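Here's the structure, in structure tokens; my notes come after.
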Amino acid sequence: MTLLSGFGSFGWPSRMLMINQFGINLGFYMLMPYLAGYLAGPLGLAAWAIGLVLGVRNFSQQGMFIIGGTLADRLGFKPLIVSGCVLRTAGFGLLVFADSLPAVLVASAATGFAGALFNPAVRAYLAADAGPRRLEAFALFNVFYQAGILAGPLVGLALMFVDFKMTAAAAALVFAVLTVAQLFALPQRAVAPTPEKTSVLQDWRAVAANRSFLLFAAAMIGSYVLSFQVYLAMPLQARYLFPQNDSVVTAMIFVVSGVVAVLGQMRITRWFGRRWGSGRSLAIGMLILALSFLPLIALPDDERAGRVAAATALLIATAVLAVGSAAVFPFEMDTVVSLADNRLVGTHYGFYNTIVGVGILVGNLATGSLMQLARELGQPELLWVLLTVIGLLSAAALYRLDQRGRLGSTPKAVDDATRR
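Numbered per numbering that gives the first Met the number 0, the sequence shown spans residues 0 to 419.
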């Protein structure tokens, strides 16, 4: 099955969600890859402050998913998707004028909370609409997701030659257009009825009592901490190596990541699904994420083999990280639905991302601080060693959960979809 025919085989809601995700990531990645460089350069913030800004943005998204997921299960998916795009328009618009740490924190929190509103709704909507083909749908969804990541930095790079504030304004415009498009073109889908009327606290207690789900979410924190370094440690590494041309190298990071995912996602998902199944694929994908930092351990600066070699190591690490992320994502999303037993799916996504959001906040603060400390100590490889260790521990935890049958099983219809 080709990418085009696979896309056409899904219903209009699923296709619309995939197209919308491309637009969402186009607008988002026009700006976010260059935010760390802007904060370090024109605004002159320290590494710990940059880690705080990015951590707050991510926590206000991942950490507040519980609110967005709960509202999606109660109000429907479309209202949350539209509301999130409205808020992200406002957040990026504020970045046009923000010139201090408090203002940047407010803008970052707004853009993050916007994601908390629409992301659980998008995933729950897609899982419901795709039905037994949800694994294939999530794999195809990630192709559009990564295509936006590929296109966004290239558009942003062109705008960055003008001004960062111009980039922020253009990103806000993209989300304004998406708001209108989703308001009028995305079909409304009611949430699945529950057997009895329950309160929000009852729903939250039901999710919190799902021990397998909580263990899985905790084990996946490492995956998010590692994959998030595309936005934090790797752009800062690019700036360290090329202080005058870091925007170009940062764009290359996202181009490499996007190309790997767009060209390889469906093949990776099918190959992993046929060979290992869902649980084992998660553990092996996590192992790939951990090993992706080995080139940076070997060449953490330009003193050992020169600047070109260090930049090559950075891009190789990016490519391997992209392979690991592509291997993990569809099985991760499918496992959340399986462990939720198709009930309160939005709320489960909310809890899931709240848990990993806390881990990302701590991880970003630690990463920013350790990166600066490691360079001051003359041992820049320490950061990459720590990230590798975190990945290995997460891979071991996922393997153990799979061995104990804690990750559920992929439905036969979904498993069959990976063979197409």
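Each residue gets a CB set at the ideal place from its N, CA and C atoms; glycine is no exception. Here the structure is a predicted model, which is why all the values come from computation and not from measurement.
If you run the structure through DSSP and keep just helix, strand and coil, what is Val-229?
helix
Compute the Euclidean distance between the alpha carbons of Ala-282 and Ala-395, then round it to the nearest angstrom.
7 Å
Is the segment 98-107 touching the segment 148-162, taking contact as three or more C-beta pairs under 8 Å?
no
Report the residue from Ala-138, Ser-82, Phe-160 and Ala-373 whose alpha carbon sits nearest the alpha carbon of Phe-6.
Ala-138
Closest to Thr-249 by CA distance: which of Arg-238, Gly-362, Ala-289 and Lys-164 is it?
Arg-238
Measuring alpha carbon to alpha carbon, tell me which of Leu-30, Val-55, Gly-278 and Tyr-37 ends up nearest Leu-360.
Val-55
Can you name, in chain order, every residue of its own chain whose Cβ lies under 7 Å from the Cβ of Val-199, other than the five neighbours on each side?
Thr-69
Close Cβ partners of Phe-112 (< 6 Å) along its chain, the five nearest in sequence each way excluded
Ser-59 and Met-63
Thinking C-beta only, is Thr-353 closer than 7 Å to Ile-80?
no
When DSSP labels each residue in this structure, what does Ala-184 get in the three-state scheme?
helix
What does the alpha-carbon distance come out to for the pair Leu-93 and Val-335?
34 Å
For the alpha helix (DSSP H) that contains Pro-101, what are its first and last residues?
100-129
Quick one: what does DSSP say Gln-400 is sitting in, helix, strand or coil?
Per the sequence shown, the amino acid found at residue 400 is Leu instead of Gln. Note: Leu-400 maps to helix in three-state DSSP.
Contacts around Gly-345, its chain only, beta-carbon distance under 6 Å, and the 5 residues preceding and following it disregarded
Gly-68, Ala-71, Asp-72, Pro-119 and Ala-123
At 4 residues or longer, and completely inside the segment 205-274: list those alpha helix (DSSP H) runs for me, N to C.
210-218, 220-226, 232-240 and 245-274
Of the residues Ala-316, Leu-298 and Val-322, the one placed nearest Phe-271, counting alpha carbons only:
Val-322
Going straight from the alpha carbon of Ile-252 to that of Ala-157, what length do you get?
15 Å
What does a CB cutoff of less than 7 Å around Gln-61 pick up in its chain, not counting 5 residues either side in sequence?
Asn-352, Thr-353, Val-355, Gly-356 and Ile-359
Would Ser-393 and Gly-284 qualify as a contact pair, given that the criterion is a beta-carbon distance under 7 Å?
no
So which of Asn-19, Leu-376 and Thr-88 has the shortest CA-CA distance to Val-142?
Asn-19
Three-pair Cβ contact test at 8 Å for the segment 337-344 versus the segment 283-300
no
For Ala-309, is the classification buried or exposed, using 16 other Cβ atoms within 10 angstroms of its Cβ as the cut-off for buried?
buried
Can you tell me whether Ala-289 is buried or exposed? The criterion is at least 16 other CB atoms within 10 Å of its CB, across all chains shown.
buried
By the 10 Å Cβ neighbour count, where 16 or more other Cβ atoms means buried, how is Arg-132 classified, buried or exposed?
buried
Check whether the Cβ atoms of Leu-225 and Gly-390 lie closer than 7 Å to each other.
yes
Sort Pro-78, Ala-127, Leu-2 and Phe-215 by Cα distance to Leu-406 and report the nearest one.
Phe-215
Cα-Cα separation, Gln-201 to Gly-305:
59 Å
CA nearest to the CA of Phe-350, picked from Arg-403, Ala-127, Ser-211 and Val-154
Ser-211
In angstroms with no decimal places, state the Cα-to-Cα distance between Met-219 and Gly-276.
17 Å
Sequence ranges, beta strand (DSSP E) only - wholly within the segment 285-317, length at least 3:
none
Could you spell out the range, first to last residue, of the alpha helix (DSSP H) harbouring Thr-346?
344-375
Quick one: residues in its chain with C-beta nearer than 6 Å to the C-beta of Leu-369, no 5 flanking neighbours on either side, listed in chain order?
Leu-382
Taking the alpha-carbon positions, what's the Phe-163 to Tyr-230 distance?
16 Å
Does the distance from the CB of Asn-244 to the CB of Gly-50 come in under 7 Å?
no
Return the Cβ separation of Ala-35 and Gln-371 in integer angstroms, given the expectation that the two are a contact with Cβ distance under 8 Å.
The pair is not a contact, with the Cβ atoms about 13 Å apart (cut-off 8 Å).
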